[in-house]
Amino acid sequence: MHIILNHSSMVPIYEQLVEQIKTEILQSRLSEGEVLPSVRKLSAELRISSLTVKKAYDRLEEEGFVTTVHGKGTFVTATDQQVAVEARRKAVEEEFEKAIDRAENIGMSKEEILEVVKLLLEES
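So in numbering that gives the first Met the number 0, the last one in the sequence shown is 123, and the numbering has no gaps at all.
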């Protein structure tokens, strides 16, 4: 598992960790039944608090991406294709929201933003 954290980002560390692990699972770089590093081990590797890793693992478990078996570890669960598709869609929507916010912050109107999107779609 290859995790890169940006400590100067406005996105909390645990959220960065959650998103990167979800990406690894959705892109099948982590497969069903594979064990994640222990909280202690990952926190040492990333040089972050074990509470931060625990919070990320808890969030992943809430969202159904992993299952924790006390005394055994945290394992990747079977990813339902619909869940995977929905997670990818949500990620794209979040990127669109960021782009729209940036465009509005520099003074672009909704019509100008739509025109840019239409042009980009025509080029693809």
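Virtual Cβ for every residue (Gly too), placed ideally from N, Cα, C.
This one's a predicted model, so the numbers in the text were calculated from it and none came from an experiment.
(request) Would you kindly work out how many angstroms separate the C-alpha atoms of SER108 and VAL115, rounded to a whole number? (result) The residue you call residue 108 lines up with position 109 of the sequence shown. The residue you call residue 115 lines up with position 116 of the sequence shown. Cα to Cα, the separation comes out at about 11 Å.
(request) Grab the span of the beta strand (DSSP E) containing THR67 for me, first residue to last. (result) Reading the sequence shown from its first residue, position 68 is the one you call residue 67. Bounds of the beta strand (DSSP E) holding THR67 are 65 to 68.
(message) Pop quiz: TYR13 and ALA55 are said to be a contact at Cβ under 8 Å. What is the actual Cβ separation, rounded to whole angstroms?
(response) The residue labelled residue 13 in the question sits at position 14 within the sequence shown. The residue labelled residue 55 in the question sits at position 56 within the sequence shown. Your pair TYR13 and ALA55 checks out as a contact, with CB atoms roughly 4 Å apart and the cut at 8 Å.
(message) Once DSSP output is grouped into helix, strand and coil, what is the label at VAL75?
(response) Working through the sequence shown from its first residue, we reach residue 75 at position 76. Strand.
(message) According to DSSP, simplified to helix, strand and coil, what is VAL34?
(response) In the sequence shown, counting from the first residue as 1, residue 34 sits at position 35. VAL34 sits in a strand when the DSSP states are folded into three classes.
(message) At the level of alpha carbons, what is the spacing between VAL17 and ILE3?
(response) If you number the sequence shown from 1, residue 17 lands on position 18. If you number the sequence shown from 1, residue 3 lands on position 4. Just so you know, the alpha carbons of VAL17 and ILE3 end up roughly 12 Å apart.
(request) Look at THR66 and GLU60 and say whether their C-beta atoms are less than 9 Å apart. (result) Here the question's residue 66 lines up with position 67 in the sequence shown. Here the question's residue 60 lines up with position 61 in the sequence shown. Against a cut-off of 9 Å, the Cβ pair of GLU60 and THR66 comes out as a contact.
(request) Can you have a look at LEU113 and say buried or exposed, based on whether 16 or more other CB atoms are within 10 angstroms of its CB? (result) The sequence position of residue 113 within the sequence shown is 114, counting from 1. Exposed is the call here.
(request) Grab me the residues of ARG58's own chain with a C-beta within less than 6 Å of its C-beta, minus the 5 sequence neighbours each way, in chain order. (result) Along the sequence shown, one-based indexing puts residue 58 at 59. Listed in chain order, the non-local C-beta contacts of ARG58 below 6 Å within the same chain comprise VAL17, local neighbours out to five positions each way being set aside.
(message) Quick check: what's the CA-CA separation for PRO36 versus ILE20?
(response) Taking the first residue of the sequence shown as position 1, residue 36 is located at position 37. Taking the first residue of the sequence shown as position 1, residue 20 is located at position 21. The straight-line gap from Cα to Cα measures roughly 11 Å.
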